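Encoded as structure tokens, the structure appears first; notes follow it.
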Amino acid sequence: MNKTVSIHLQGFPFIFEEQAYATLESYLNALRNVLQHEEGLEEIIQDVELRIVELLQPQLSAGKQVVENKHVEEIIAKIGQPKDFGSETPGMDEPTSETKIKATRRFFRDTDNALLGGVCSGAAAYFNIDVVFVRAIYLIAFLTFGVGGLLYFILWIIIPPAKTSSDKLQMKGQVVNLENMKTELGSATNRLKKEAKALNNRTDIANLFRRIARFVSIIIGVLAMLVGSVLLITTLIFIFIQPQFIPAEINGQHVSLSELLVLIFDKSTMIPLAFWGIGLINLSIIGLCFLIGIRCFKSLSSKIIYIGMGVLLLSFIIGTSMAATAGVQFAKSIESYGEIEKEIAIYQGENLTISPKLNDTKVSGGYTIKSNGDDLGFLIQKNNILFHGIEVMYEASNDSSFHIYQLNSAQGSSHEKAIYNARQIRNISFLKDSIFTINPCFSFPKSTKLRDQKIKFRITVPSNRSVFYQGRRIYPIIDSISTEIRAHGYITKEGDYSEW
Amino acid sequence: MNSENTQAQMRKGILEYCILSMLSSGEAYPSEILNRLESAQLSVVEGTIYPLLTRLKNMQLLDYRWAESTSGPPRKYYCITEEGRVFLSELERTWLELQQAVSTITSKNTDYE
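So the protein lines, in turn, are chains A and B.
No gaps in the numbering here: position 475 of the first sequence is 580 in my numbering, and each next residue is one more.
No gaps in the numbering here: position 57 of the second sequence is 240 in my numbering, and each next residue is one more.
And the structure:
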């Protein structure tokens with residue numbers, strides 16, 4: 106009993122014995138190899154295949170159904186050996202042809218010895234080392250640096266599988282000639298036989314695995330496409346609609362990303378750089394998602410994959426360098442920290458009461474805050490930026506008086522710049538009789554940008570005196586867990602006080 | 184080198200001329216060309232004519248058309264182009280000159296013997 110394969114030659118169906126098919130394939134591959142520099146190679150192969158069809162058909166019409174090896178050998182004898190197709194002068198360069206054909210080595214995925222996609226086994230074949238070492242090195246790198254997972258998938262996508270016998274020979278860096286091709290085909294046939302045998306024993310399990318693999322690949326594909334679509338839509342919305350989603354109000358509306366960027370960068374040239382840099386990075390990730398997604402559903406030509414990966418990599422690199430330039434510039438602009446302190450009041454009475462100033466609080470420049478209670482972030486006004494929340498610290502006083510200090514802090518490109526930014530912060534809090542009225546908001550000019558501006562009040566308290574907030578003593582009180590005096594408090598813009 | 188190689192080379196050299204000449208009197212498909220070469224006792228390896236026909240076609244000396252066949256695969260009927268005819272007439276002249284020269288030389292040689 107012989108196994109058969111069913112093939113189409115130039116559109117004509119034939120049933121070949123396994124061996125006959127192997128002979129024919131190695132013959133055609135050898136032809137391609139000999140004629141590889143010939144113009145119109147495909148046409149010549151087509152002519153030869155048509156001739157083979159022409160010669161096969163009368164043989165089969167005589168009641169025979171299956172093409173046997175001897176048929177193929179007869180036909181090859183009639184048409185001629187691959188060397189006869191070659192140069193105009195056969196025989197002359199024949200002996201040297203062996204040495205002339207350079208053994209080119211190409212990186213293919215070795216799908217025959219694959220665990221997953223055949224990347225490691227392909228690399229092993231390429232470098233001619235044992236695949237176990239490659240897998241071990243890969244696994245160690247993956248576990249140590251944790252970057253290998255994505256890299257594997259990228260390599261899986263961009264490296265073509267070794268499909269034909271000549272691919273497989275090139276993968277191992279062997280000369281593609283008829284002799285090697287036969288050996289390779291022989292081992293392929295053996296492999297097929299082995300696989301077929303194994304398949305017979307556990308067809309169900311194999312089918313199950315194949316179905317699971319297909320299922321997983323479809324899931325991955327769908328997920329990749331989904332992530333890609335969501336990212337794409339989000340990115341497009343960001344670029345074209347510019348949603349005002351950041352809770353920092355201008356005229357009662359939230360601000361958009363580019364409006365926020367204006368408040369971050371010193372140099373206005375950095376704004377489009379950051380904006381489009383982030384956009385390009387996003388687009389390249391989206392592209393990768395789609396490429397992976399499409400690859401999971403249908404096979405793509407390696408040319409398309411190479412071009413796609415190239416474009417994506419380029420846009421990722423450009424985007425990253427744009428964003429990095431902006432990032433470095435931003436990092437420079439917040440490099441230094443500056444803090445200034447000023448004593449704003451002295452109180453010599455019994456106990457001090459802190460009271461928040463809430464409604465219609467006046468800030469510098471005659472602006473009025475209209476606190477509506479539901480905004481989370483900061484408020485951007487025409488010329489100023491308004492922040493909420495003020496920290497209070499307590500210390501023991503050296504004398505018999507309360508001393509109230511105001512601390513302004515900010516970041517800046519230099520210490521001087523940071524101090525300058527800190528000096529620009531405005532807050533109106535004042536002591537009247539025993540009541541220290543704290544305005545829980547502070548403002549600074551838009552031109553100083555967002556530089557982590559903060560205001561704190563430091564209050565020194567004489568011994569045996571207390572500080573009250575809305576009738577409740579807030580200093581000194583003992584923390585029930587650490588049994589230490591709580592020396593910090595925080596006032597929100599709603600006037601809620603919390604201590605720690 | 185054995186004489187077989189030399190013979191094969193000689194045959195190959197004149198193959199182009201023979202095919203162009205054959206096609207100048209009407210179109211033909213590859214198997215037909217092979218049959219006619221064979222019946223003329225000019226034995227060539229089949230494989231040589233496929234690259235040759237394609238090369239001649241690429242040089243625009245030949246053209247072809249597809250035709251259905253009742254008994255097998257579609258056939259590629261080759262025909263000669265105008266350029267091919269010009270080329271052929273040059274080959275014809277060269278061939279005659281060569282023939283003359285060769286026969287002169289070889290007959291002299293036989294005289295010496």
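We treat Cβ as the ideally placed atom computed from N, Cα and C, and that holds for glycine.
In this text the structure is predicted, and so the values were computed from the model without any measurement.
*Give the C-beta separation of Q529 of chain A and F547 of chain A to the nearest angstrom, bearing in mind that I take them to be a contact with Cβ-Cβ under 8 Å.*
With 8 Å as the limit, Q529 of chain A and F547 of chain A do not qualify as a contact, their Cβ atoms being about 10 Å apart.
_DSSP bridge partner residues for M498 of chain A (one or two, in chain order)_ = The partner list for M498 of chain A (beta bridge, DSSP) reads A:R563 and A:H593.
*asked:* Let me confirm a value: T277 of chain B is counted as buried when at least 16 other C-beta atoms fall within 10 Å, else exposed. Which label applies?
replied: With fewer than 16 other Cβ atoms within 10 Å, it is exposed.
*Once you ignore the five residues that flank I496 of chain A on each side, which residues in its own chain have a CB closer than 6 Å to its CB?*
Note that residue 496 of chain A is Glu in the sequence shown here, rather than Ile. K561 and Y595, listed in sequence order.
*Whole angstroms is fine: what's the gap from I439 of chain A's alpha carbon to I509 of chain A's?*
Rounded to whole angstroms, I439 of chain A to I509 of chain A spans 29 Å at the Cα level.
*Could you tell me the distance, in whole angstroms, from the CA atom of Y442 of chain A to the CA atom of T553 of chain A?*
Between the alpha carbons of Y442 of chain A and T553 of chain A lies a distance of about 14 Å.
_Cut-off 7 Å between Cβ atoms - residues of its own chain near G267 of chain B, not counting five sequence neighbours on either side_ = Scanning its chain for C-beta atoms nearer than 7 Å, with the 5 sequence neighbours on each side dropped, one finds around G267 of chain B the residues L203, L244 and L245, in chain order.
*Taking all protein chains shown into account, decide if R319 of chain A is buried (16 or more other Cβ within 10 angstroms of its Cβ) or exposed.*
Per the 10 Å Cβ criterion, exposed.
*If I'm right that P234 of chain B touches L140 of chain A with Cβ under 8 Å, what's the distance once you round it to whole angstroms?*
The Cβ separation is near 6 Å, so the contact holds.
*How far does the alpha helix (DSSP H) with W381 of chain A in it reach, from first residue to last?*
For W381 of chain A, the enclosing alpha helix (DSSP H) starts and ends at M375 to F402.
*Count the other CB atoms within 10 Å of the CB of G231 of chain B; is the residue buried (16 or more) or exposed (fewer)?*
It should be noted that the sequence gives Thr, not Gly, for residue 231 of chain B. Its Cβ being crowded by 16 or more others within 10 Å, T231 of chain B is buried.
*Alpha carbon to alpha carbon, how far is N526 of chain A from I397 of chain A?*
Taking the straight line from one Cα to the other gives about 48 Å.
*Any chain B beta carbon closer than 8 Å to E203 of chain A*: Because E203 of chain A sits at a pLDDT of 42, beneath the cut-off of 50, its placement in the model cannot be relied upon, and the following sentence gives the value as read from the coordinates. Answer no: the Cβ-Cβ gap between E203 of chain A and chain B never drops below 8 Å.
*For I582 of chain A, name the three-state secondary structure that DSSP assigns.*
In the displayed model, I582 of chain A falls within coil according to three-state DSSP, outside both helix and strand.
*Limits of the unbroken alpha helix (DSSP H) element including E130 of chain A*: Annotation for E130 of chain A: the continuous alpha helix (DSSP H) segment containing it runs E123 to V139.
*Short-range partners of chain A found in the segment 222 to 244 of chain B, where Cβ spacing is below 8 Å*: For the segment 222 to 244 of chain B, which is checked against every Cβ of chain A, the residues closer than 8 Å are V228, E229, G230, T231, Y233, P234, L236, T237, R238, K240 and N241.
*In chain B, which residues lie with their C-beta within 8 Å of the C-beta of K183 of chain A?*
Chain B residues near K183 of chain A: E229.
*Starting from the beta carbon of S214 of chain B, find every residue of chain A whose beta carbon is closer than 8 Å, and list them in chain order.*
What S214 of chain B touches in chain A: R156 and E159.
*Give me whichever residues DSSP pairs with Y510 of chain A in a beta bridge.*
Beta bridge pairing from DSSP links Y510 of chain A with A:E448 and A:R563.
_Cβ closer than 8 Å: which chain B residues qualify as neighbours of V110 of chain A?_
The premise fails here: V110 of chain A is roughly 20 Å from chain B at the closest Cβ pair, so nothing lies under 8 Å.
*G255 of chain B touches chain A at which residues, Cβ-Cβ below 8 Å?*
Within 8 Å Cβ-Cβ: V158, E159 and Q162.
*Starting from the beta carbon of F190 of chain A, find every residue of chain B whose beta carbon is closer than 8 Å, and list them in chain order.*
Those within 8 Å of F190 of chain A in chain B are G230, T231, Y233 and P234.
*asked:* Can you look up K205 of chain A in the DSSP assignment and give me helix, strand or coil?
replied: Residue confidence is low: K205 of chain A scores 44 on pLDDT, short of 50, so the model does not pin down where it sits. Its coordinate-derived value is still stated next. Secondary structure at K205 of chain A: helix, using DSSP grouped into helix, strand and coil.
*For a contact meaning CB atoms closer than 7 Å, what does T148 of chain A contact in chain B?*
Looking at the sequence itself, residue 148 of chain A is Glu, so the reference to Thr does not match. For the C-beta of E148 of chain A, the chain B residues within less than 7 Å are, from N- to C-terminus, T237.
*Cα-Cα, which of A:Y243, A:L328 and A:V321 is closest to C394 of chain A?*
Answer by Cα proximity: A:L328.
*At which residues does the beta strand (DSSP E) containing F543 of chain A begin and terminate?*
In the sequence under discussion, the amino acid at residue 543 of chain A is Ile, which differs from the Phe named in the question. I540 to I543 is the span of the beta strand (DSSP E), which, as asked, contains I543 of chain A.
_Can you tell me whether D215 of chain A is buried or exposed? The criterion is at least 16 other CB atoms within 10 Å of its CB, across all chains shown._
In this structure D215 of chain A is buried. Its beta-carbon is surrounded by 16 or more other beta-carbon atoms within 10 angstroms.
*Closest Cβ-Cβ distance between E122 of chain A and chain B: below 8 Å?*
It does not; no Cβ of chain B falls within 8 Å.
*asked:* Run through chain B and tell me which residues come within less than 8 Å of Q115 of chain A, C-beta to C-beta.
replied: Ordered by position in chain B, the residues that pass the 8 Å Cβ test against Q115 of chain A are P256.
_Length of the line joining the Cα atoms of W249 of chain B and I325 of chain A_ = Computed Cα separation, rounded: 47 Å.
*Can you say whether M193 of chain B is buried or exposed, counting buried as having 16 or more other CB atoms within 10 angstroms of its CB?*
Exposed.
*Helix, strand or coil: how does DSSP classify F232 of chain A here?*
Helix.
*Spell out whether any CB of chain B is found under 8 Å from the CB atom of E144 of chain A.*
Yes, contact with chain B.
_Helix, strand or coil at L555 of chain A according to DSSP, with G and I counted as helix_ = Reduced to three states, the DSSP call for L555 of chain A is coil.
_Please tell me whether S363 of chain A and Q349 of chain A are closer than 8 Å, where the distance is taken between their beta carbons._
No, the pair does not count as a contact, with Cβ atoms beyond the cut-off.
_Integer Cβ distance of R156 of chain A from L146 of chain A, believed to fall under 8 Å_ = In fact, because the Cβ distance is near 16 Å, the residues do not count as touching under 8 Å.
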